[in-house]
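Down below is the structure, laid out as structure tokens.
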Amino acid sequence: MTRLPLIRAVGTHAEVGRQIGAACASALRRSITDTQHSLPAGVSWDDLRRQTLPYLAATEQALPWVVAEFQGAAEGAGIDFLDLFVLACEELLHVPPLPEGRCTDFAVAPEISANGHVLLGHNNDLSASAEQDLALVEWAVEDQPRFVSVGVGGLFISIGFNAAGISLTGNEVHPNDDRPGVPRLLIVREILAARTYEEALKAALRPDRASSYNNLIATEDGCIVNVEGSATDYALIPAQEGWTVHSNHYVSPKMQRYERYPQWTPQSVRRYERACELMRRRPGPVTHQMLRNYLADHSTEPRSICYHGNGRKTVFSALIDLNERRLDLAVGNPCMSTYEPYRLA
Ligand SMILES: [Zn+2]
73 MTRLPLIRAV
83 GTHAEVGRQI
93 GAACASALRR
103 SITDTQHSLP
113 AGVSWDDLRR
123 QTLPYLAATE
133 QALPWVVAEF
143 QGAAEGAGID
153 FLDLFVLACE
163 ELLHVPPLPE
173 GRCTDFAVAP
183 EISANGHVLL
193 GHNNDLSASA
203 EQDLALVEWA
213 VEDQPRFVSV
223 GVGGLFISIG
233 FNAAGISLTG
243 NEVHPNDDRP
253 GVPRLLIVRE
263 ILAARTYEEA
273 LKAALRPDRA
283 SSYNNLIATE
293 DGCIVNVEGS
303 ATDYALIPAQ
313 EGWTVHSNHY
323 VSPKMQRYER
333 YPQWTPQSVR
343 RYERACELMR
353 RRPGPVTHQM
363 LRNYLADHST
373 EPRSICYHGN
383 GRKTVFSALI
393 DLNERRLDLA
403 VGNPCMSTYE
413 PYRLA
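Below you can see the structure in the form of structure tokens.
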């Protein structure tokens, strides 16, 4: 069992960035080195730094406060700002073939949960080495709702929720219409600054986005929607009959033409269908324990929801009770880890 230390970052955007950079310096350095060792064929690090510039310009225009956080983090970690910003531009880092195992999500509305709360479950699959670089960060930025996040190096957020009762979980998808713009990783940060569902949706769909994830946005009053996006299009998939699940392919028929690697979707479809089956066959109102069991499911091995791959695995599993602002976080595979509680006060 591993317990992530909580990093509390407080102050202006630059100060918060500096604190996260200082706390996560070794992880950020390692991420840069790892990326330098796995560049797309024929691309040098200097090429990548140059290709990043239009993404940086779009972000400076749209979200200067995110740039301030990255500048602070680079300073705090003692690394070059542009080297760090390259890591935010996933759009430039496609290196097929895709590894198996990505992420699987469950979201449950108050009408079918045992305690009448919004419950979310998320498994995050990455290279096994990423597990050591995960950070749990509580952000208290001067002009925004406080929020908590989990992600590599603190800055690269996979999931989180804020004091206004907005959560962001979701899944990587692979759209074929990426373009220079605001990187999707940084749009996640903007969503977690939202005070309302409308603000969160507006952030997810900002017209200058470079790309998109399936951003699964939930509010504490039970609004739950998958924003299945690409750079130029999107579909909204709301929870139906009180629940939704998602993995790493476009579910909406409208979005399937944006699937960049259709040959890789079957492994995601198997997890998606298994997650649907678990929800349809649930024995009663959904409890925390039920979601824990579902996140530890192996029945579609080797491509299971709890993933034990060759060099790749589920590196963390999260259960969120949004109304209680509570996160239960298991580092490593949920079938063999303990969930440790955290509450956003
Ligand atoms: Zn397992």
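Counting from 1 along the sequence shown, just add 72 to a position and that's the residue number in our numbering. In this text, a Cβ means the ideal position worked out from N, Cα and C, and glycines have one as well.
Enumerate in chain order the residues of its own chain whose CB-to-CB distance from T372 is below 6 Å, with the five nearest sequence positions on each side excluded.
Numbered from 1 along the sequence shown, position 300 holds the residue referred to as residue 372. Closer than 6 Å at Cβ, skipping near neighbours: R342 and R346.
For ligand 1, list every residue whose C-beta falls under 6 Å from any of its heavy atoms, going in chain order.
Qualifying residues, in the order they occur: A368, H370, C378, H380, N405 and C407.
Where do the ends of the beta strand (DSSP E) carrying T176 lie?
As a working note, residue 176 is residue 104 in the sequence shown. Here the beta strand (DSSP E) through T176 covers C175 to V180.
What is the DSSP secondary structure of N286, counted as helix, strand or coil?
Translated into the one-based positions of the sequence shown, residue 286 becomes position 214. It is a strand residue.
What is the residue span of the alpha helix (DSSP H) that S103 lies within?
By one-based count along the sequence shown, residue 103 stands at place 31. Start and end: A97 to Q108.
Whether A86 touches A140 by CB criterion (7 Å)
For this step, residue 86 is matched to residue 14 along the sequence shown. For this step, residue 140 is matched to residue 68 along the sequence shown. For A86 and A140, yes; Cβs fall inside 7 Å.
What are the partner residues of P413, as DSSP defines its beta bridges?
Here residue 413 refers to the residue found at position 341 when the sequence shown is read from its first residue. Beta-bridge pairing links P413 to D400.
Would you mind stating whether R384 and R398 have Cβ atoms separated by less than 7 Å?
On the sequence shown, residue 384 is found 312 positions in, with the first residue counted as 1. On the sequence shown, residue 398 is found 326 positions in, with the first residue counted as 1. Result no, Cβ atoms of R384 and R398 do not sit closer than 7 Å.
Chain D within 7 Å of A212, Cβ atoms only
This model lacks chain D altogether; it includes just one protein chain.
Compare the C-alpha of T176 against each of I231, S185 and G93 and name the closest.
Translated into positions along the sequence shown, residue 176 becomes position 104. Per the Cα distances, I231.
According to DSSP, is N196 part of a helix, a strand, or is it coil?
In the sequence shown, the residue the question calls residue 196 occupies position 124. Look at N196 here: in three-state DSSP terms it is strand.
Return the chain-ordered ranges of every alpha helix (DSSP H) run that is complete within the region 269-350 and spans a minimum of 4 residues.
Complete alpha helix (DSSP H) runs here, min 4: 269-276.
Alpha carbon of N395 to alpha carbon of C295, nearest angstrom
Taking the first residue of the sequence shown as 1, we reach residue 395 at position 323. Taking the first residue of the sequence shown as 1, we reach residue 295 at position 223. In this structure, the alpha-carbon of N395 lies about 12 Å from that of C295.
Report yes if the CB atom of I392 is closer than 7 Å to the CB atom of F233, and no otherwise.
As a first step, residue 392 must be located in the sequence shown, where it is residue number 320. As a first step, residue 233 must be located in the sequence shown, where it is residue number 161. Yes, Cβ-Cβ distance for I392 and F233 is below 7 Å.
For S221, count neighbouring Cβ atoms within 10 angstroms of its own Cβ and tell me buried if that reaches 16, exposed if not.
Within the sequence shown, numbered from 1, the residue matching residue 221 stands at position 149. Flag for S221 reads buried.
Tell me whether N405 sits in a helix, a strand or coil according to DSSP, three-state version.
Here residue 405 is taken as the residue at index 333 of the sequence shown, counted from 1. Of the three classes helix, strand and coil, the one that applies to N405 here is coil, per DSSP.
Starting from D393 and walking both ways along the beta strand (DSSP E), at which residues does that stretch end?
Here residue 393 corresponds to residue number 321 of the sequence shown, with the count starting at 1. Counting along the chain, the unbroken beta strand (DSSP E) around D393 starts and ends at R384 to D393.
At 4 residues or longer, and completely inside the region 106-134: list those alpha helix (DSSP H) runs for me, N to C.
Listed in chain order, they are 117-134.
Cα-Cα, which of A202, W117 and A265 is closest to R174?
Taking the sequence shown and counting its residues from 1, one reaches residue 174 at position 102. It is A202 whose Cα lies nearest to the Cα of R174.
Closest Cα partner of V403 within the set A368, R375 and S376:
Locating residue 403 in the sequence shown gives position 331, where the first residue counts as 1. Considering only alpha carbons, the answer is A368.
Rounded to the nearest angstrom, what separates T124 and H321 at their Cα positions?
For the purposes of this step, residue 124 is taken as the residue at position 52 of the sequence shown. For the purposes of this step, residue 321 is taken as the residue at position 249 of the sequence shown. For T124 and H321, the distance between alpha carbons rounds to 26 Å.
Identify whether S230 lies in helix, strand or coil by the three-state DSSP scheme.
The residue given as residue 230 occupies position 158 in the sequence shown. Strand.
Spatial distance of S376 from S389 (CA atoms):
Here residue 376 corresponds to residue number 304 of the sequence shown, with the count starting at 1. Here residue 389 corresponds to residue number 317 of the sequence shown, with the count starting at 1. Going by the C-alpha atoms only, they are around 14 Å apart.
Give the range of the alpha helix (DSSP H) segment to which L78 is assigned.
Within the sequence shown, the letter at position 6 stands for residue 78. Counting along the chain, L78 falls outside any alpha helix (DSSP H), though it belongs to the beta strand (DSSP E) covering L78 to G83.
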